[in-house]
Amino acid sequence: MFKQTLIIAFTAVAVCSSAVSAQHEHHQHEKEQKKHSEHKMPMNTMPEFNEKELGKVYMHYLHLKSALVASDNKEAGKSAKMLAASLKEVKIMDAAYKDALAVSKASDLAGRRKAFATLSILMADKFKGNLESGEIYVAFCPMANKNKGAYWLSAEKEIKNPYFGDKMLKCGSVKDVIK
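To convert, note that position 152 of the sequence shown is 151 in numbering that gives the first Met the number 0; the numbers rise steadily by one, no gaps.
Here it is as structure tokens:
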């Protein structure tokens, strides 16, 4: 009888521990999915451009911005290279191409964010007057760039600051809307 009770007890412990382990794995999976989703770009209100190449440029810009928001240095480097490649196809955007290369070549997030500030101004200037439909939000953080402030472009009104990541995620405001 004692042996049977002991076997039942061990079985119960094994089943419970398996359930706890499965629940832990489920939570780990949810955390990984959440982390991955931080890099997702909003697709619901993507603008259309007069020049088709600008749509690709804008998508790569948003990917870079999302990587900076997530403070993902490696992903920011990759997305900056993709942005530079798409900018190379748009011949009249040489200055933006050089800034995208500077973002990709920077070794750390601080360097990438500094080059991103200049890139964002050039991108905003190019997108003005080139939208067929949709909107692009121009946001500003007064504390970025050593308190000189810096702009960035966004597909949504919600502020997600690429200059400070999660340290100051909501710092900034929408200053303009490109239509």
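Just so it is clear, CB atoms sit at the ideal spot from N, CA and C, and this is done for glycine as well. Quick caveat: nothing in here was measured; it's all calculated off a predicted structure.
Checking the sheet assignment: what are the DSSP bridge partners for residue i?
i	result
Ile158	According to DSSP, Ile158 bridges with nothing at all.
Ile120	Looking at the DSSP assignment, Ile120 forms no beta bridge with any residue, so it has no partner.
Asp175	Val137
Ala149	Cys140
Leu130	Phe48
If you count every other CB in all the chains shown that lies within 10 Å of the CB of residue i, and 16 or more means buried, which is it?
i	result
Ala109	exposed
Lys125	buried
Val176	exposed
Asp165	exposed
Val19	With a pLDDT of 40 at Val19, under the threshold of 50, the predicted position of this residue should be treated as unreliable, though the coordinate-derived value follows. So Val19 ends up on the exposed side.
Pro161	buried
Ser65	buried
Lys39	In this prediction, Lys39 has a pLDDT of 49, which is less than 50 and means its spatial position is unreliable; nothing more can be read from the coordinates.
Lys93	Lys is not the amino acid found at residue 93; the sequence shown has Asp there. Exposed: under 16 other Cβ atoms inside 10 Å.
Lys106	The sequence given here has Ser at residue 106, not Lys. Flag for Ser106 reads exposed.
Ser85	buried
Ala172	Residue 172 is actually Ser in this sequence, not Ala. Exposed, because fewer than 16 other Cβ atoms sit within 10 Å of the Cβ of Ser172.
Give the C-beta separation of residue i and residue j to the nearest angstrom, bearing in mind that I take them to be a contact with Cβ-Cβ under 8 Å.
i	j	result
Lys159	Leu168	6 Å
Phe163	Tyr150	Their Cβ separation, rounded to whole angstroms, is 14 Å, which puts Phe163 and Tyr150 out of contact at 8 Å.
Cys131	Asn72	In the sequence on display, residue 131 carries Glu and not Cys. That belief does not hold up - the Cβ atoms of Glu131 and Asn72 are roughly 34 Å apart, past 8 Å.
Tyr60	Leu152	6 Å
Is any heavy atom of the ligand FAD found at a distance shorter than 7 Å from the C-beta of residue i?
i	result
Leu100	Ligands are entirely absent from the displayed structure, and the ligand FAD is therefore not among its contents.
**Asked** Counting Cβ pairs closer than 8 Å, one from the segment 135 to 153 and one from the segment 48 to 56, do we hit at least three?
**Response** no
**Message:** I want to know whether the segment 94 to 102 touches the segment 112 to 131 - three or more CB-CB distances under 8 Å.
**Reply:** Taking 8 Å as the limit for Cβ pairs, the verdict is that the segment 112 to 131 does touch the segment 94 to 102.
**Secondary structure, alpha helix (DSSP H): runs of 4+ residues fully inside the segment 32 to 120** = Taking 4 residues as the minimum length, the alpha helix (DSSP H) runs contained wholly in the segment 32 to 120 are 51 to 68, 72 to 88, 93 to 104, in order along the chain.
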